[in-house]
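> Pasting in a structure now, in structure tokens, and then I'll have a few things to ask.
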Amino acid sequence: KGKDVRTLDIAKRLIDYGFHPPTIYFPLIVEEALMIEPTETVSKEELDRFIAALEEIAKEAKDRPELLKEAPHCAPVCRLDEVRAARRPVLRLRADLPR
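Read in order, the letters of the sequence shown are residues 4 to 102 in this note's numbering.
See below:
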């Protein structure tokens, strides 16, 4: 709180820790919701690693919020313009776009 870190920033930072980002902003009645639903096949060790990542991200949110605002850092594609992607989606492959 107070650092302007949003749920989207946390989800994007989880990518840097090797996790697929969970569902965000759902349910809609919960502000800044993060829905974490591990399946039965996820081991306790993997859950512990996920919890440790969230704890580290919470520290980063306090100390270095810009790190979260610019995440992901280790992915092939960095932060996308989500508004532009929603308003001007590319629905088919174009030869002039990089793969």
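Cβ coordinates follow ideal geometry from the N, Cα and C atoms, glycine included.
Figure out for me which residue from 49, 72, 33, 56 has the closest Cα to the Cα of residue 82.
Numbered from its first residue, the sequence shown carries residue 82 at position 79. For the residues 49, 72, 33, 56, the minimum Cα distance to residue 82 belongs to 72.
> Nearest CA to the CA of residue 20: which residue from 88, 98, 51?
The residue you call residue 20 lines up with position 17 of the sequence shown. Comparing alpha-carbon positions, the option among 88, 98, 51 lying closest to residue 20 turns out to be 51.
> Compute the Euclidean distance between the alpha carbons of residue 66 and residue 98, then round it to the nearest angstrom.
Position 63 of the sequence shown, counting from 1, holds the residue named residue 66. Position 95 of the sequence shown, counting from 1, holds the residue named residue 98. C-alpha separation (whole angstroms): 43 angstroms.
> What residue range is occupied by the uninterrupted alpha helix (DSSP H) comprising residue 51?
Residue numbering aside, residue 51 sits at position 48 when the sequence shown is read from its first letter. That run of the alpha helix (DSSP H) goes 47-66.
> Can you look up residue 37 in the DSSP assignment and give me helix, strand or coil?
Locating residue 37 in the sequence shown gives position 34, where the first residue counts as 1. Residue 37 falls in the strand class under three-state DSSP.
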